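Undergrad: So the protein sequences, as listed, match chains A and B. When we follow the numbering used here, the leftmost residue of the first sequence carries the number 74, and every step to the right adds one. When we follow the numbering used here, the leftmost residue of the second sequence carries the number 3, and every step to the right adds one.
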Amino acid sequence: EPEVTQTPSHQVTQMGQEVILRCVPISNHLYFYWYRQILGQKVEFLVSFYNNEISEKSEIFDDQFSVERPDGSNFTLKIRSTKLEDSAMYFCAQRKGTLLTDTQYFGPGTRLTVL
Amino acid sequence: AQKVTQAQTEISVVEKEDVTLDCVYETRDTTYYLFWYKQPPSGELVFLIRRNSFDEQNEISGRYSWNFQKSTSSFNFTITASQVVDSAVYFCALSEANTDKLIFGTGTRLQVFP
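1) Excluding the 5 residues preceding and the 5 following Gln10(B) in the sequence, name in chain order all residues of the same chain whose CB lies nearer than 8 Å to its CB.
2) Taking the alpha-carbon of Lys72(B) as reference, which of Leu104(B), Leu36(B) and Asp20(B) has the nearest alpha-carbon?
3) What does the Cβ neighbour count give for Glu117(A), buried or exposed, with the cut at 16 atoms within 10 Å?
4) Closer than 8 Å between beta carbons: that is the criterion. Which residues of the stretch 109–129 of chain A meet it against chain B?
5) Is there a C-beta anywhere in chain A that falls below 8 Å from the one on Gly109(B)?
6) Would you identify the three-state DSSP class for Glu158(A), choosing helix, strand or coil?
7) Just tell me which of Lys18(B), Tyr34(B) and Asn69(B) has its CA closest to the CA of Leu96(B).
8) Is the distance from the Cβ of Val120(A) to the Cβ of Lys156(A) below 8 Å?
9) Measuring only between beta-carbons, confirm whether Asn78(B) sits less than 8 Å from chain A.
10) Relative to the C-alpha of Asp159(A), which residue among Met88(A), Ala166(A), Pro81(A) and Ser82(A) is closest?
11) Less than 8 Å between CB atoms is the rule here; does Arg53(B) satisfy it with respect to chain A?
12) Determine the closest residue to Ala3(B) out of Leu112(B), Thr32(B) and Trp38(B), with distance taken between C-alpha atoms.
13) At which residues does the beta strand (DSSP E) containing Leu112(B) begin and terminate?
14) Under a CB-based cut-off of 8 Å, is Lys72(B) close to chain A?
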């Protein structure tokens, strides 16, 4: 199973601050995803990113969110002005496999706490 | 619209019992994909299985087995002879052919007591 890593493991920030969550992908993989999980709730899709472009995004992914791959390696999720309700676990995922087997493998997550 | 329902919020069993986790899905697509993920107390999401809509074969992997029935739109997961290490939240998920976003159910928390 591919290993996706995320940093930091835990981020605490004040409401209104900007945060950047990082995902270190497996090399040569083009498909990236961000999901979030509010504590005790289900995992929700935020955005998919292919070939350096957003391919799909959910209603949650509003103007305060952005994604990019700034240096061709790390994949980042930026929240411009955090709100209390942004507190959640954020998971990065990468896709691996063929058309019939491709599967999203998740990183360990970053726990974001907004105070 | 696509939807995944896991009606069992929490299940508690004693070690060595068999347990089945239910998953019911809704989709208008004729081609879709179903998944199960495990989330242990450490919090990561661990892939367990993927099943394509055109492949209704059931699958067994060690103590794990999956029963896919299109007629009832269900993709149930059975753990045989459960162990304490099976304690986790289990999520069922769906994706459709024209998108690769995963739609997750609300999860079932399984507690296995020694």
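For each residue, glycine too, the CB sits at the ideal point set by N, CA and C. This structure is a prediction, so every number in the text was calculated from the model and none was measured.
TA: According to the structure shown:
1) Leu23, Asp24 and Thr110
2) Leu36(B)
3) buried
4) Taking 8 Å as the cut-off between beta carbons, the residues of the stretch 109–129 of chain A near chain B are Gln114, Lys115, Val116, Glu117, Phe118, Ser121 and Glu129, in sequence order.
5) Yes, Gly109(B) lies at the interface with chain A (some Cβ there is under 8 Å from its Cβ).
6) In this structure, Glu158(A) counts as helix in the three-state DSSP scheme.
7) Tyr34(B)
8) no
9) no
10) Nearest Cα to Asp159(A) within the set Met88(A), Ala166(A), Pro81(A) and Ser82(A): Met88(A).
11) No, no contact with chain A.
12) Of the listed residues, the one whose Cα sits closest to Ala3(B) is Thr32(B).
13) Thr110 to Phe115
14) Chain A contact via Cβ: absent.
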